[in-house]
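*Asks:* I have a structure here, written as structure tokens, and I will follow up with some questions on it.
Numbering (our numbering), first residue to last: 263 to 374.
Set out below in structure tokens:
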């Protein structure tokens, strides 16, 4: 039968550039009005998902001896919490403006 095929490992830098492209695409769609206010909850969920993927990837490659990496990861986790809260606010109708999500995406893109 042979050995099972190995899943190729994608370098962290390629993952980060993909994450950045996804986040920038979402940001551009928000800024250009391509995402209606009625879909802000979905956009916030998408942002949360992208951030979560990035954090999971970063945790796998984290150099625990490098305090700079650890601080950066903690900053990303704080932004994830903000994204989750924002997604909840959009879903419940407590938040209807896109400014908060746009700002959050801009902050997160700076970390990539």
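Note that CB positions come from ideal geometry on N, CA and C, so glycine has one too.
Given the structure is predicted, the values throughout are model-derived calculations rather than measurements.
Who are the near neighbours of residue 281 in its chain, counting only those whose CB is closer than 8 angstroms to its CB and skipping five residues on each side?
*Replies:* These residues qualify, in order along the chain: 312, 315, 316, 319 and 374.
*Asks:* Kindly indicate which residue of 354, 353 and 348 has the alpha-carbon position closest to the one of residue 366.
*Replies:* Checking every option, the nearest Cα to that of residue 366 belongs to 348.
*Asks:* In this structure, does DSSP put residue 263 in helix, strand or coil?
*Replies:* Because residue 263 sits at a pLDDT of 47, beneath the cut-off of 50, its placement in the model cannot be relied upon, and the following sentence gives the value as read from the coordinates. Coil at residue 263, not helix or strand.
*Asks:* Since residue 333 is in the alpha helix (DSSP H), which residue starts that stretch and which ends it?
*Replies:* Start and end: 329–354.
*Asks:* For the alpha helix (DSSP H) holding residue 321, just list the boundary residues, first then last.
*Replies:* 302–323 is the extent of the alpha helix (DSSP H) around residue 321.
*Asks:* Can you look up residue 295 in the DSSP assignment and give me helix, strand or coil?
*Replies:* Residue state, collapsed to three classes: coil.
*Asks:* Which value, in whole angstroms, describes the spacing of the CA atoms of residue 432 and residue 370?
*Replies:* One cannot answer for residue 432 here, as it falls past the ends of the chain, which runs 263 to 374.
*Asks:* Could you work out which residue in 372, 368 and 363 is closest to residue 299 when comparing CA atoms only?
*Replies:* Nearest option by C-alpha distance: 363.
*Asks:* Please state whether DSSP places residue 358 in a helix, a strand or coil.
*Replies:* In the structure shown, residue 358 sits in coil (DSSP, three-state: anything other than H, G, I, E or B).
*Asks:* Do you know how far the Cα of residue 286 is from the Cα of residue 295?
*Replies:* C-alpha separation (whole angstroms): 14 angstroms.
*Asks:* For residue 291, which residues from the same chain have a beta carbon less than 7 angstroms from its beta carbon, with the 5 sequence-adjacent residues on both sides left out?
*Replies:* Result list for residue 291: 297, in chain order.
*Asks:* With DSSP run on the structure shown, which of helix, strand or coil describes residue 288?
*Replies:* Residue 288 falls in the helix class under three-state DSSP.
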